[in-house]
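Presented below is the structure to which this report refers.
Printed below as a string of structure tokens:
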């Protein structure tokens, strides 16, 4: 028994001696054999350095570069390495005053845990490439100072700010939502294409590991760079935009409030999308004055940050008569040759609904479109609604609504920019709520017949209306991204799906006849220009001027919508602007030989419609 | 000085080697703490590097005072208070589990009202359980192989106490469990029963893990999982471990010298859980060897106490307390060299840390008290002979 007891004690002692031996052996192993910790005896830390990929470039439909990457520099400093420097010279080179210098250099190292004398911190942010070039020549005179490259966006033409969007530092929320991709100080697309295609444009970040000594100096790469990951550049984006047309559109819209959208009807690609007032895109690129610029834009009463082409919804007015015509024809309530008499107004139940000043008489559909005859469409609208009987206006309205939905109205079209408005197409359910079920009749809502009332349409929807007519019944969802370099998918396939409206192609001829007549005032030499004006009653001031158009009539190349707020008749501003842009796109420029066209351009450029 | 020293040494009762080891460890801790608390001093005390040194010295003095008191007490009294202490401890453990203060996310601490000192109940429970086990094992030596009368009364408190500590402080609980097993092993408990106890321990632990899914705020399942995962998955370990390994690699054979550690500035808890890494950095492999040898010496001395009085309560008590200290020391060092996952256990007598240092001193005082008695007994036997 005693022996066993002795044994047990011996076992325990051996157990502990072995334990101690293992500990010592492990310690020795860490010192002698594990090269990753031992080789650099002065190394106090492994630092992970993020390598930023180049962001994808953006091109227009003709391969012109629109957005590229520009270099900015952050000047950093390591405090304990700064010795005997020429302060005045440094200030001059960097264009800062002595106070800024002192403020930026002398940090409270004792109390502020963010700063340390031997760890580099930012001395001056966002220095331009030119300023840096000057500074770089003298950099050797300033020990402790060095520069870190920051890539920012540059723009070849100062246009398209609303479409292109901007890039800025990610917020805490975005970092959280990014599943670990973003970290503090990273940049990401905030609006426009930059945001929509962020994941394709940004590329993949890389990593480099370096070992640092206790003074913060780099000792070399960690594990011979075996853990380093090279960054992958972002994918280049080829858009459907015509940057020259975009620039011209923005120029014509200057000093006006409104929007222009031009589409390629054969693809749905956006040729130009301008919203006025606008701003130069580089104003919000990452540079030294950016926050100031943003505050100014955000507080502007004319809302230059708002993209009116997508985020404003307007009553369409008479441009809506084109769609109403097509629905009427499809539903068989009026034939192309049906004439309706107009005596300058439409009378119902003793009320008078006025009509535009046009020759009185009996007009067929084409003439009604040309003259924008309200009487014709009041009657047409009632015929559509009362197709199943006067009592059943709700049925008729829902038939109309179903058609309008197929025209892409009443809901967001699905363009590849964020924040698109849906517009408004009232249904029978809506009027049941307003007037009561079975109570309301077509005359209650007759102003819908001429595009007034509750209808609201965004300019991009208007342009799409024009594209549908140009295509004789179908369209593709308007979009700006055509394709990405490489096999990047980015969800663009939905823009290749042909959408049908269910309107018989034969019905379009009569509407086109009318639009050809209505657009005569904007005639373009050598092309058949079809359009429809709209003069939208505006209870708050001067009427809005609207125009949708396409050209040429056969094999259309461009469909366009122009909407100018508070500018009166549609023929006064919207039609000339649409006409000039169409000519520009079809011919490369307007006909400078034609004094009428030159005068038209001059008038448009000089007009100032901003309320003072 | 030297004459006073020799006088004290001559008059000193109890095992002189244990006294010496204790003193050396305390001195070593002063050097290491002074060096390692630098970053803490700059962080909280505006660079007053002596502050933490003074605090540690004050605690050591208090600790040695307690040690001396425990040394003076006749160790047989510990046998008498053992069951009472155990009975008091269990409700305290439950109270801690439910109402305890969270320091570092674990509710391990309770505060004594009026005095305002907070301490880890597990430290107290450790003392109480080891005292009780020593008493039970020595009292039942004659029928120690019997299951019902000897084994059951021994294991039930072990399982209860360890289970109550585990939710908030798994490493302390496992340590105490291992100590109990070893103590039973030495106390001649049948190997079969010890195997059974291990099995029961595993069952209790599984039960805790299941409970942890329902009461995550009581059982720190997450921490256990992350720490184990850190250890298994990443070969480099967490930031702390990585830094500790760098510090060790820095040390070499003889170290960079006292006060010259660089990594103390980067290594969190350099003055507590990871002080061994700093010791290696400053005093090298040799310094590490010295510390390990000191702890092993302590163990060997205690084992020899058992040899001299194999069935006595005193020897069991001394060995139990000593095993607990030494295992904790080895585990702490194993963490620093990344042999086991991070545990949060301190290096006894070396690490800076308030009340657990005092409990360590109490343990050592009890060990010394036992050694004093055994010495007297053997000399009495000599006289008799």
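Protein chains in written order, with the numbering used here: chain A, 1 to 612; chain B, 1001 to 1385. No residue lacks a Cβ here, since even glycine has one placed at the ideal position from N, Cα and C.
In the same chain as residue 435 of chain A, and ignoring 5 residues on each side of it, the C-beta atoms closer than 8 Å to its own belong to 444, in chain order. When 8 Å is used as the limit between beta carbons, residue 1333 of chain B is near these residues of chain A: 23, in chain order. Contact between the region 238-250 of chain A and the region 446-454 of chain A is absent, with fewer than three C-beta pairs closer than 8 Å. Looking at the DSSP output, residue 354 of chain A sits in a beta bridge with A/345. Taking C-beta separations shorter than 8 Å and ignoring five residues to either side along the sequence, the partners of residue 304 of chain A in its chain run 277, 278, 279 and 297, following chain order. Collapsing the DSSP output to three states places residue 69 of chain A in a strand. Rounded to whole angstroms, the gap between the alpha carbons of residue 311 of chain A and residue 459 of chain A is 9 Å. Closest in C-alpha terms to residue 77 of chain A, from the list A/409, A/134 and A/106, comes A/106. If the five residues before and after residue 608 of chain A are omitted, its C-beta is found closer than 6 Å to the C-beta atoms of 255, all from its own chain and listed in chain order. For residue 243 of chain A, the uninterrupted alpha helix (DSSP H) segment begins and ends at 243-252. Near chain A, meaning a CB-to-CB distance below 8 Å, the residues of the region 1302-1318 of chain B are 1303, 1306, 1307 and 1310. The DSSP-derived three-state label of residue 1147 of chain B is helix. Residue environment for residue 1019 of chain B: buried (at least 16 other C-beta atoms within 10 angstroms of its C-beta). Excluding five sequence positions before and after residue 283 of chain A, the CB atoms of its chain that fall closer than 6 Å to its own CB belong to 293, given in chain order.
Around the beta carbon of residue 177 of chain A, fewer than 16 other beta carbons sit within 10 angstroms, so the residue counts as exposed. Residues of the region 1221-1235 of chain B with a Cβ closer than 7 Å to any Cβ of chain A: none. By alpha-carbon distance to residue 1172 of chain B, the top candidate from B/1123, B/1209, B/1130 and B/1336 is B/1123. By the CB criterion at 8 Å, residue 1350 of chain B and residue 1025 of chain B fall inside the cutoff. Legend: CB atoms of the region 1238-1254 of chain B lying less than 7 Å from CB atoms of chain A belong to residues 1245, 1246, 1248, 1249, 1250, 1251 and 1252.
Just measuring C-alpha positions, the residue of B/1048, B/1365 and B/1362 sitting nearest residue 110 of chain A is B/1048. Per DSSP, reduced to three states, the secondary structure at residue 104 of chain A is helical. Chain-order list of chain A residues neighbouring residue 1280 of chain B: 27, by C-beta distance under 7 Å.
Remark: C-beta atoms of residue 1218 of chain B and residue 1093 of chain B do not approach each other more closely than 8 Å.
With respect to the 8 Å criterion, residue 99 of chain A and residue 131 of chain A are not classified as neighbours on the basis of their beta carbons. Residue contact with chain A for residue 1288 of chain B: present (Cβ-Cβ distance below 8 Å to some residue of chain A).
Of the residues assessed, residue 1198 of chain B falls on the exposed side of the cut-off, its CB having fewer than 16 other CB atoms within 10 angstroms.
Contact between the region 468-478 of chain A and the region 498-515 of chain A is present: three or more C-beta pairs spanning the two stretches fall below 8 Å. Using a Cβ distance threshold of 8 Å, residue 353 of chain A and residue 374 of chain A count as a contacting pair. Using a Cβ-Cβ cut-off of 7 Å, residue 16 of chain A is close to 1296, 1299 and 1326 of chain B, given in chain order. The beta carbon of residue 1018 of chain B sits no closer than 8 Å to any beta carbon of chain A. In summary, the residues of the region 1176-1189 of chain B whose CB is separated from some CB of chain A by less than 8 Å are 1182, 1185, 1186 and 1188, in the order they occur in the chain. By the Cβ neighbour-count rule, residue 1380 of chain B is exposed, with fewer than 16 other Cβ atoms within 10 Å of its own. Residues of the region 114-132 of chain A that bring their beta carbon within less than 7 Å of a beta carbon in chain B are absent altogether.
Between residue 1337 of chain B and chain A, the shortest Cβ-Cβ separation is below 8 Å. Not one beta carbon of chain B lies nearer than 8 Å to the beta carbon of residue 227 of chain A.
For residue 573 of chain A, the secondary structure class from DSSP, reduced to helix, strand or coil, is coil.
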